[in-house]
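The block underneath contains the structure these notes are about, expressed in C-alpha cells.
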Amino acid sequence: MSLIPKSHPRAKSLFIREKLVKGFDNGLVAKEGLLAQGRGEAFDYLLGEKTGKPAKNAIRAAAAQLLIAERPVISVNGNIAALCPKEIVKLSKQIKAKLEVNLFYANKMRKQAITKTLKKSGAKEILGLNPNTSTKLLGIDSARRIVDKNGIFAADVVLVPLEDGDRTIALRKAGKIVITFDLNPLSRTSQTANITIVDNVTRAINLLIDESKKLSKKNNTLLRKIIDNFDNKKNLSENILEIKENLTRGVKIA
Ligand code: PTJ
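Position 28 (the sequence shown) corresponds to 28 in UniProt numbering; numbering is contiguous.
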C-alpha cells in the first residue's frame, strides 16, 4: 500500500517517483534511472509541471512525423518501461511502430524483465533480445550501439524517450530522424534531435497518442506541412523562455 496521501500537495510527482522505485524493485529500472528521474523532476518543477505551448507544438510535429514514417521504431529503456508501458504499447499500435528494448546500462535480466512488462501491456513483437539479428550502430561506444537489424538499424524515424547523451547524434549521422521526450531543453539529446518534446513523458505520452489518432485521418501533404513548419531550435528557445519566465515570476509553490 502506498504511503503517499492523495491530499499531499506533491502527490502526483511522488506517485511517479513510486512507479519508478517499483520498476527498480521489479528489475526494470537501472539504479542510475532513479537519478535520471530526479534530474527530470527538477526541470519539470521549473516548467511549472504542465504541458506548455512549445511542448504541444512538438507533440503535433512528432505525431505527424511518426505517421509519415515508413519504418518507425520506439526505443524502450528501463525508465519508460516502468513509467508508461501500456501507453508505449498503445502508441506503437497507433503509429504502427516496432518496439525495441535498447539499454544504456545493458543487462540481459533487465531486458527480459522489460520485455515481459511490455508483453503484459499488450505488445506482440519486441526486438532487442535476439543476438542472431543484432548488429552495431557506428559512432556509439556504449551498449546502446547494439541494435536489431530489423529495428533501429533499419528505421527511418526513431523515438528515443529519456535518452543519455551520445546516441542521438549517431542516429542522425546514420540518416535517421530522431524524436525525443526530454524535460531538459539544454541536454545534448534535446539539442540534437529533430523533434524534442520538453515535457514529462507521463503527461506527454497520452497527448502524443491522441494527436496521432487525430492526425491519422489527415493526408500526407498536411502532415508534411506540419513537419516543415516545425523548427526544433526555435521551439527549444521557447521552452527555455518558459523556464526563464517561471523563474523571474516565481513559480506558484505547488
Ligand atoms: O534503462 P537504461 O539502462 O537505458 O538507462 C536509462 C537512463 C535514463 C538511466 C539513461 O538513459 C540516462 O542516464 O539518462 P540521463 O543521461 O540521465 O538522461 C535522461 C534525461 O531524461 C535527462 O535529461 C532528464 O532530464 C530526462 N528525464 C528524466 N525523467 C523524465 C525525463 N524526461 C521526460 N520525462 C521524464 N519523466
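Beta carbons: idealized from backbone N, C-alpha and C, even for Gly.
Buried versus exposed call for residue i [16 or more other C-beta atoms within 10 Å across all chains shown]
i	result
Gln112	exposed
Gly78	buried
Ala143	exposed
Gly38	exposed
Arg167	buried
Ser92	buried
Thr221	exposed
Pro9	exposed
Lys50	exposed
Leu241	exposed
Pro85	buried
Asp199	buried
Asn130	exposed
Asp210	exposed
Pro72	buried
Pro5	exposed
Arg249	exposed
Asn107	exposed
Leu47	buried
Ser2	exposed
Leu186	exposed
Arg110	buried
Gly165	exposed
Lys31	exposed
Lys90	buried
Gly40	buried
For residue i: DSSP bridge partner residues
i	result
Glu100	Ser75 and Leu127
Asp148	Ser134
Phe24	Phe24 pairs with nothing; no bridge assigned.
Ile179	Leu159 and Ile195
Whole-Å CB distance - residue i paired with residue j, under 8 Å assumed
i	j	result
Ile227	Ala64	5 Å
Phe43	Asn184	5 Å
Ala69	Asp148	Ala69 to Asp148, Cβ: 17 Å. No contact.
Val76	Ile88	6 Å
Thr192	Ile169	5 Å
Ile126	Leu99	5 Å
Glu163	Thr189	4 Å
Phe24	Leu14	Actually they do not touch by this definition, with Cβ atoms about 15 Å apart.
Lys19	Leu83	6 Å
residue 284	Ala97	The structure shown does not extend to residue 284, since the chain is modelled only from 1 to 254, so the question has no answer here.
Thr196	Leu236	6 Å
Leu207	Ile179	About 14 Å separates the two Cβ atoms, so there is no contact after all.
heavy atom of the ligand FAD below 7 Å from residue i C-beta
i	result
Asn194	With respect to small molecules bound, the structure shown includes the ligand PTJ and not the ligand FAD.
Minimum Cβ-Cβ distance from residue i to chain B less than 8 Å
i	result
Ser237	Absent from the structure: chain B. Only one protein chain is present.
Closer than 8 Å is the cut-off here; do at least three beta carbon pairs connect the region 214-231 with the region 52-63? yes
Specify whether the region 122-142 and the region 170-177 touch according to this definition: at least 3 beta carbon pairs, one from each stretch, less than 8 Å apart. yes
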